[in-house]
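Count the sequence shown with the numbering used here and you get residues 436 to 545, in order.
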Amino acid sequence: MGPSDSPYASGVFYLSITFPTDFPMKPPKVSFTTRIYHPNINSNGSICLDILKDQWSPSLTISKVLQSICSLMSNPNPDDALVPDIAHLYKTDRSRYEATAQEWVRKYAM
Numbered sequence: 436m437g438p439s440d441s442p443y444a445s446g447v448f449y450l451s452i453t454f455p456t457d458f459p460m461k462p463p464k465v466s467f468t469t470r471i472y473h474p475n476i477n478s479n480g481s482i483c484l485d486i487l488k489d490q491w492s493p494s495l496t497i498s499k500v501l502q503s504i505c506s507l508m509s510n511p512n513p514d515d516a517l518v519p520d521i522a523h524l525y526k527t528d529r530s531r532y533e534a535t536a537q538e539w540v541r542k543y544a545m
């Protein structure tokens with residue numbers, strides 16, 4: 436389920452998690468398989484999240500990764516966007532961004 440404090444609250448989102456052979460020394464590859472309207476998640480489901488890239492630490496757990504993804508859903512980072520158009524809308528017209536995100540939840544995540 437999407438975080439209750441986000442426009443994704445009523446949606447059910449699926450992720451793909453692939454563990455590299457050298458896990459936990461390298462981060463898992465995590466992507467959304469459910470379409471989502473979000474500035475940090477592109478149409479392929481790729482997620483722009485620092486702990487999945489250069490800020491990975493072997494001490495991080497999958498639980499922490501999933502918590503971080505939930506946090507990103509509640510608090511997008513438009514300054515490190517994968518989808519600049521959505522980031523721009525998030526910064527300039529938050530209510531329209533949230534309405535579009537909710538529309539995508541109804542279309543793709545129910």
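Glycine included, each C-beta is placed from N, C-alpha and C at the ideal position.
In angstroms, rounded to a whole number, what distance separates the CA positions of residue i and residue j?
i	j	result
residue 482	residue 456	21 Å
residue 446	residue 471	10 Å
residue 484	residue 500	9 Å
residue 463	residue 453	6 Å
residue 507	residue 531	19 Å
Mind checking residue i: buried by the 16 CB within 10 Å criterion, or exposed?
i	result
residue 497	exposed
residue 534	exposed
residue 511	buried
residue 448	buried
Considering only the alpha carbon of each residue, which of the options lies closest to residue i?
i	options	result
residue 474	539, 519 and 544	519
Are residue i and residue j closer than 8 Å when you measure CB to CB?
i	j	result
residue 450	residue 466	yes
residue 443	residue 536	yes
residue 468	residue 543	no
residue 547	residue 486	Summary: the structure shown does not reach residue 547, with the chain confined to residues 436 through 545, and so no result is reported for it.
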